[in-house]
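Chain order of the listed sequences is A and B.
Letter by letter, the first sequence follows residues -1 to 303 of this note's numbering.
Letter by letter, the second sequence follows residues 7 to 253 of this note's numbering.
We put the CB at the ideal spot given by N, CA and C, even for glycine.
The structure under discussion appears below in the form of structure tokens.
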Amino acid sequence: MVAEKNLAVSLCGLTMKNPVVPASGTFGFGIELADAMDLNTLGGISLKGTTREPRYGNPTPRIAECTAGMINSVGLQNPGIEALVADKAPALRSIYGGVIIANISGYSVEEYAFNCARADGCPAIDLLEVNVSCPNVHGGGMAFGTDPKSAAAVTAAVKAVTRKPVFIKLSPNVTDIVTIARACEDAGADGITLVNTFLGMRIDIRKRKPVIANTMGGFSGPAIFPVALRMVYQVAQACSIPVMGCGGVRRAEDVVEMMMAGATAVQVGAENLRNPMACPEIIAALPALMDSLGIDSLQEIIGII
Amino acid sequence: MLMQKRIFRIESNEGVARDTFRLVLRTDGAVAVRSGQFVDIALPGFFLRRPISVSDCLSDGLVLYYKVVGEGTRAMSEMTPGTVLELLEPLGSGFHPEKCREAALLIGGGLGAAPLYLLAKELLAQGKKATAVLGFNKADEICLAEELRALGIPVHIATMDGSVGTKGFVTDAIAAVRPAFDRFYTCGPLPMMKAVCAALDAPGEVSLEERMGCGAGFCYGCSILTKNGPRRVCADGPVFDKEEVLW
């Protein structure tokens, strides 16, 4: 029997019972998995990325397997912001007591602000995660996250319309992640989520064409863990706002490693797609791992490197 | 039955036709899968699971058919009895045998014959009649014909090269045999199912295939546009009414 361990972390004034959060796009709106597990074991849930209008997303195939990971090109399929605030988030709230994170996308600064204003009025939502890093939509998404001025403009616009904590979710497809994270912090962001997926590609050598219908997509999975960890470390060193670490996390050891690099909360993405029970399994494994590492409280190890 | 992760052990894994294998899995406790549903198999060394439709549900096991089409299924074909596999099951919607009044027509193309076997058993258990029409490219690809005949239902074969049965498509065999039916069920290549739905007036159900991520309805990797808007092949399907599909 492992002695009582404290898994709780504090994030922008919100108490999370543990730092583990299914990443946006890998867990639907949470309710899809309510029958398969006890959602209330999860520290938080980041909901599927939402735009102002409903979107079908990209043509199929949207999925390509890789060594130690996968490429997705879902392209922000979602029912639109009104469905999120009127239906999806309240439905999850009715069965889930942890931190509900709305993931907000857009095609313009105005759309980001509009969507965040709508989400601000939804009591079911605790925190906004603004996605300026989707590699799968043209004319939006990642374009805002690869330029410090644009990222700052989105940050300032959404901060002006909400009192909920705002995290900006950054793309790793940049030369200098720190410059962009600092620009977001300077514009008022309450935290940074990083990283989104890496732009990737596979070719079917028999058919002589890309596996993904949209040619390219976002690469994620255990293969990106060291790169994501490095970026979490760099941003945590350079900024004073909290970081949610994301990228290739698949086990309790990875959660501890991300937190030591500076993450206050840790998101699990692609692993959910191969193992829908990944998050509860990771949470269940944390106390024994903490015991073997001499850790009593996870809050203590944040950014110790 | 809710989706669960479950450990199965390979009882047998044998080639039954060209590049086609029959996999028998056993587990501890009862298994409850309906026709048209599928399982998602974790393969050691591969990131994503492999979704495979269920051909038969045993009291404590499953019968699956799969074709070697890539590295994952190649690795599967080399697995030996006793190997332990972790499955997600059951997944997806199933066929609706209860919507058939008296007589069903089951139309399979290639490995699409596999889920029709469990469907035939369910139809017979409900006291209904069934006729199967199966299409293959060549004689060496034929599978499940004898198993379906062993259930006591007529099985008609179409081969593209005419080596067995009617020469041509399943629609040619249906036109030649003219079976009586009030509902049809089909699984196979998309062009075949499109031709079948265009040729047959009766209500019908089609089992679609798409490259999947999670297989359980929360990643939206396998969404298709239908007459009722976006639908997830894994969770809203894989079986759809023929009217719902945008060909």
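Within chain A, D33, A34, P274 have C-beta atoms less than 8 Å from the C-beta of M9(B), given in sequence order. Taking all protein chains in view, the Cβ of V22(B) is surrounded by fewer than 16 other Cβ atoms within 10 Å, so the residue is classified as exposed.
For a Cβ distance threshold of 8 Å, residue set F53, L54, G219 of chain B lies close to M68(A), ordered along the chain. If you ignore the 5 residues before and after I293(A), its C-beta comes within less than 7 Å of the C-beta of I299, all in its own chain and listed in chain order. With a threshold of 16 other beta carbon atoms within 10 Å, V90(B) falls short and is exposed. The beta-bridge partner set that DSSP reports for K173(B) consists of T165(B). Scanning the stretch 52 to 115 of chain A for uninterrupted alpha helix (DSSP H) segments of 4 residues or longer gives 87 to 91, listed from N- to C-terminal end.
For the C-beta of F224(B), the chain A residues within less than 8 Å are, from N- to C-terminus, T24, F25, G26, E30, L31, N270, P274. For the stretch 90 to 115 of chain A, there are no residues whose beta carbon sits under 8 Å from a beta carbon of chain B.
With contacts defined as CB atoms closer than 8 Å, V266(A) and P20(A) qualify as a contacting pair. Residue burial annotation: G143(A) is buried, with at least 16 other C-beta atoms found within 10 angstroms of its C-beta. The residues S295, in chain order, have a CB closer than 6 Å to that of N4(A) in the same chain once the five nearest residues on each side in sequence are set aside. In summary, L9(A) is buried, with 16 or more beta-carbon neighbours lying within 10 Å of its beta-carbon over all protein chains present. Taken in chain order, the whole alpha helix (DSSP H) runs of length 4 or more contained in the stretch 127 to 211 of chain B are 151 to 156, 176 to 183, 196 to 205.
For the stretch 235 to 250 of chain A, there are no residues whose beta carbon sits under 8 Å from a beta carbon of chain B.
A distance below 8 Å separates the beta carbons of L271(A) and L54(B). Collapsing the DSSP output to three states places I190(A) in a strand. Counting the other Cβ atoms within 10 Å of the Cβ of R155(B) gives fewer than 16, which makes it exposed.
In terms of Cβ geometry, D118(A) and K162(A) form a close pair [threshold 8 Å]. Secondary structure note for R228(A): its alpha helix (DSSP H) is the uninterrupted segment 223 to 236.
Remark: C-beta atoms of S41(B) and E153(B) do not approach each other more closely than 8 Å. The closest CA to that of A263(A), considering only L284(A), N101(A), P240(A), is found on P240(A). E63(A) has a beta carbon lying within less than 8 Å of a beta carbon in chain B.
Note that the C-beta distance between A221(A) and P59(A) is not below 8 Å. Sorting S169(A), R91(A), I93(A) by C-alpha distance to the C-alpha of E127(A) places S169(A) at the top. In this structure, R56(B) places its C-beta atom within 8 Å of the C-beta atom of D46(B).
At least 8 Å separates the CB of Y231(A) from every CB of chain B.
Under the Cβ criterion (8 Å, minimum of three pairs), the stretch 213 to 233 of chain A counts as touching the stretch 64 to 76 of chain A. The beta-carbon distance between G301(A) and G245(A), rounded to whole angstroms, is 17 Å. This is too long to meet the 8 Å contact definition.
By the criterion of at least three beta-carbon pairs nearer than 8 Å, the stretch 94 to 109 of chain B is in contact with the stretch 238 to 250 of chain B. Contact holds between the stretch 224 to 241 of chain A and the stretch 182 to 202 of chain A, because three or more Cβ pairs, one in each stretch, are under 8 Å apart. Under DSSP, the beta-bridge partners assigned to A110(B) are A136(B), R189(B). Taking the C-beta atoms as reference points, D25(B) is found nearer than 8 Å to K73(B). According to the DSSP assignment, G219(A) belongs to no beta strand (DSSP E), since it is labelled neither H nor E. Residues of chain A whose Cβ lies closer than 9 Å to the Cβ of C228(B) are, in chain order, T58, P59, R60, I61. Not one beta carbon of chain A lies nearer than 8 Å to the beta carbon of A81(B).
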